[in-house]
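As structure tokens, the structure follows; a few thoughts come after it.
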DNA sequence: TAACTCTATTTCCAAATAGGAAACAATGTG
DNA sequence: CACATTGTTTCCTATTTGGAAATAGAGTTA
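Chains as they are written, first to last, in the working numbering: chain B, 195 to 489; chain U, 195 to 489.
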């Protein structure tokens, strides 16, 4: 029996409060979790969890053992991190969470380059826009833009700086007239991004401009696509619009106006020793973005 | 792969300096040890041992990892000991070393009683008269009589007190005459015990008596058997002669004379937390011998 | 109270793995 | 230069693992 794995699962079961959740997250069947926890209890000669079908509760013994498990597992990770530091050969898996649009645009080429350079490191990338608890889902790293509400127990580090771009297609501009000052936006189809901090006020000009339009969406890539098709104007992070601007599919307007800066943050758990592959990855990202003009 | 077991084996391999020795002691094939150590290295992505067919040498990484392994494994044992302390249900295996004669006589009934009372505890008893290194062979407990040269890293505790008896068979005494004073021994067939501290001087009377006889042996049980068969007189620990004296097979002579006392020592490794089954076992022995008149 | 839903557990079976015997390779020894 | 000893590899079987599905149990809702 793989006792270490059982211990890891035990810790997860307690933090998740459910066998099934752990099974789902870990990618094994719940029968496995059940069997292994039982085997662990059998092996220890003690019941760790008081189970009912609806609720799990740590026994006194389980409480004590849990703390020791956490400690032991942390030390084990530390030992392996140390080995890899000595070996200079980053290995293992990184479980990464990133916002959907970010992953589909700015991160993809950077990740690809990393994977080419370090063939021993495996990536487990979860793209999602829901802000889920990194700790509970055992993410090694979270990548978020301009989010300052960091999970407790995580460290935030700035990886890159982005800015916004206001985009429209040439066809659209020709049809609806040019945009030369912020106030011109008042008469245009301006698309609202659902999660945008300032809602329907675009932060350009002295006091911002209240915009309106027929489309509101929760995904900037989708909005960009609508812009490409000449349906309106978008306030779009440059890392998303970059390619379309290069290719001429869309044009930037009000480029000279000041727009609020954004930062890409790396969030990772506070640990005594972070595994080398993690620090390596973060440093790699930082350098990659610097080299691509997003320093 | 059972990484914990691999780590244990790795530590053992280093202390023993050999795969084969560990295989023999652990009771698995050497191919297993080899495979598991290799798997551990593979898993870590680092070589731990520099091997030649004749010599093993820790790599720098191995040295670091070894220390952490020791630490982690100790903590794991501690955690499990703690669980069992909370549960009050001693479980697991005790690997015990004891002198041959001791095991065959005094210890056997005590061990049997222990096994009846605590069915969850397994015993792995090694009887041998060679004084081997308890630590290197991973013994939880050593039982030795009057030995004060404790291994380093072990704690010694007195379990019981024995005395000697001078024995002869009724037939022998009838044939060779009675033994009423220490000096009478000079004219008798007195058997010498090879490992006896005082060699051929029996410590009775004012200055001891130099004895001689046709038999010298390194096993008191064997000597007792010779005594039973009427071949001579033996200076025999009472825990060995006890039964024969009770049954009348042999008779005690010079019972009133002072003889040097012996102590039964329990030797066990110094640990932060000894497993409950070990402290339980030692306390049990102590009590058992007290109840049987050897306090 | 009954149907329902979401748990953990058990059962059963196919697939993977563990683990030993023996052949093999390599290195220090006499 | 044989020899003895040690770690590795190979090959094969017995065991174990682990998932799908059935089962069982407890809270929730109609």
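Don't be surprised by glycine CBs; every beta carbon is placed ideally from N, CA and C.
Burial state of residue i, where buried means 16 or more other Cβ atoms lie within 10 Å
i	result
residue 303 of chain U	exposed
residue 309 of chain B	exposed
residue 255 of chain B	buried
residue 418 of chain U	buried
residue 422 of chain U	buried
residue 343 of chain U	Since pLDDT at residue 343 of chain U reaches only 48, below the 50 mark, its modelled position is unreliable, and the value read off the structure follows with that caveat. The residue is exposed, with fewer than 16 neighbouring Cβ atoms inside 10 Å.
residue 207 of chain B	buried
residue 376 of chain U	buried
residue 400 of chain B	exposed
residue 471 of chain B	buried
residue 277 of chain B	buried
residue 216 of chain B	buried
residue 223 of chain B	exposed
residue 235 of chain B	buried
Straight-line gap, residue i to residue j (C-alpha atoms, nearest Å)
i	j	result
residue 361 of chain U	residue 424 of chain U	10 Å
residue 406 of chain U	residue 383 of chain U	6 Å
residue 212 of chain B	residue 314 of chain U	31 Å
residue 301 of chain B	residue 269 of chain B	32 Å
residue 341 of chain U	residue 292 of chain U	Residue placement at residue 341 of chain U is poorly supported in this model, since its pLDDT is 45, which falls under 50; the coordinates still yield a value, given next. Between residue 341 of chain U and residue 292 of chain U, the C-alpha separation is close to 12 Å.
residue 483 of chain B	residue 436 of chain B	13 Å
residue 392 of chain B	residue 380 of chain B	16 Å
residue 248 of chain B	residue 265 of chain U	38 Å
residue 320 of chain U	residue 431 of chain U	21 Å
residue 456 of chain U	residue 237 of chain U	52 Å
residue 499 of chain U	residue 295 of chain U	Since the displayed chain U opens at 195 and closes at 489, residue 499 of chain U lies outside it and no answer follows.
residue 299 of chain B	residue 306 of chain B	12 Å
residue 385 of chain B	residue 414 of chain B	10 Å
residue 209 of chain B	residue 228 of chain B	16 Å
residue 398 of chain U	residue 448 of chain U	9 Å
residue 426 of chain B	residue 363 of chain B	8 Å
residue 239 of chain B	residue 233 of chain B	10 Å
residue 285 of chain B	residue 473 of chain B	12 Å
residue 451 of chain B	residue 197 of chain U	59 Å
residue 464 of chain B	residue 218 of chain B	25 Å
residue 331 of chain U	residue 323 of chain B	57 Å
residue 394 of chain U	residue 475 of chain U	36 Å
residue 333 of chain B	residue 479 of chain B	17 Å
residue 477 of chain U	residue 351 of chain U	10 Å
residue 250 of chain U	residue 440 of chain U	55 Å
residue 226 of chain U	residue 263 of chain U	19 Å
Whole-number beta carbon distance between residue j and residue i, since they are thought to touch under 8 Å
i	j	result
residue 459 of chain U	residue 338 of chain U	5 Å
residue 288 of chain U	residue 335 of chain U	6 Å
residue 348 of chain U	residue 461 of chain U	5 Å
residue 290 of chain U	residue 271 of chain U	Rounded, the Cβ-Cβ distance is 17 Å, inconsistent with contact.
residue 275 of chain U	residue 469 of chain U	4 Å
residue 514 of chain U	residue 202 of chain U	This structure cannot speak to residue 514 of chain U, because chain U is shown only from 195 to 489.
residue 485 of chain U	residue 367 of chain U	Wrong, their Cβ atoms sit about 33 Å apart, outside the cutoff.
residue 258 of chain B	residue 252 of chain U	Not quite, the Cβ-Cβ distance comes to about 34 Å (not below 8 Å), so this is no contact.
residue 378 of chain U	residue 453 of chain U	That pair is no contact at about 16 Å.
residue 429 of chain U	residue 387 of chain U	7 Å
residue 200 of chain U	residue 230 of chain U	4 Å
Heavy atom of the ligand PLP within 7 Å of residue i beta-carbon
i	result
residue 410 of chain B	Inclusion of the ligand PLP in the displayed structure is not the case, the ligand content being empty and no account of it being possible.
Name, going along the chain, the residues of the region 251 to 270 of chain U whose beta-carbon falls closer than 8 Å to a beta-carbon of chain B. Per Cβ criterion, the list reads 254, 255, 258, 259, 262, 263, 265, 266, 269 and 270.
Start-end ranges of the beta strand (DSSP E) lying completely within the region 288 to 345 of chain U, minimum 3 residues: For the region 288 to 345 of chain U, whole beta strand (DSSP E) runs of length 3 or above, ordered along the chain, are 315 to 321 and 335 to 339.
Which runs of the alpha helix (DSSP H) spanning at least 4 residues fall entirely within the region 211 to 296 of chain B, listed in chain order? Every unbroken stretch of the alpha helix (DSSP H) spanning 4 or more residues and falling wholly within the region 211 to 296 of chain B is given here in chain order: 213 to 220, 224 to 238 and 254 to 281.
Which residues, in chain order, does the region 274 to 305 of chain B contribute to contact with chain U at a C-beta distance below 7 Å? Residues of the region 274 to 305 of chain B whose Cβ lies closer than 7 Å to any Cβ of chain U, in chain order: 274, 276, 277, 278, 280, 281, 283 and 285.
If you scan the region 335 to 419 of chain U from start to end, which runs of the beta strand (DSSP E) of 3 or more residues do you find wholly inside it? If you keep only unbroken beta strand (DSSP E) runs of at least 3 residues inside the region 335 to 419 of chain U, you get 335 to 339, 348 to 356 and 358 to 362.
Scan the region 226 to 255 of chain U for residues whose Cβ lies nearer than 7 Å to a Cβ of chain B and list them as they occur along the chain. Answer set for the region 226 to 255 of chain U: 238, 239, 240, 254 and 255.
Note down, in chain order, all residues in the region 197 to 217 of chain B with a beta-carbon under 7 Å from any beta-carbon belonging to chain U. Answer set for the region 197 to 217 of chain B: 197 and 198.
Completely contained beta strand (DSSP E) runs for the region 429 to 470 of chain B, where each covers 3 or more residues: List check, beta strand (DSSP E) in window: 445 to 447 and 456 to 463.
Could you run through the region 363 to 387 of chain U and flag, in chain order, every residue whose CB is less than 9 Å away from some CB of chain B? Look at the region 363 to 387 of chain U: it has no residue with a C-beta under 9 Å from a C-beta of chain B.
Anything in the region 413 to 428 of chain U with a Cβ closer than 8 Å to a Cβ of chain B? List those residues in chain order, please. Answer in chain order: no residues at all.
Return the residues of the region 308 to 338 of chain U that lie within a Cβ-Cβ distance of less than 9 Å from chain B, sorted by chain order. Of all residues in the region 308 to 338 of chain U, 314 have a Cβ within less than 9 Å of some Cβ in chain B.
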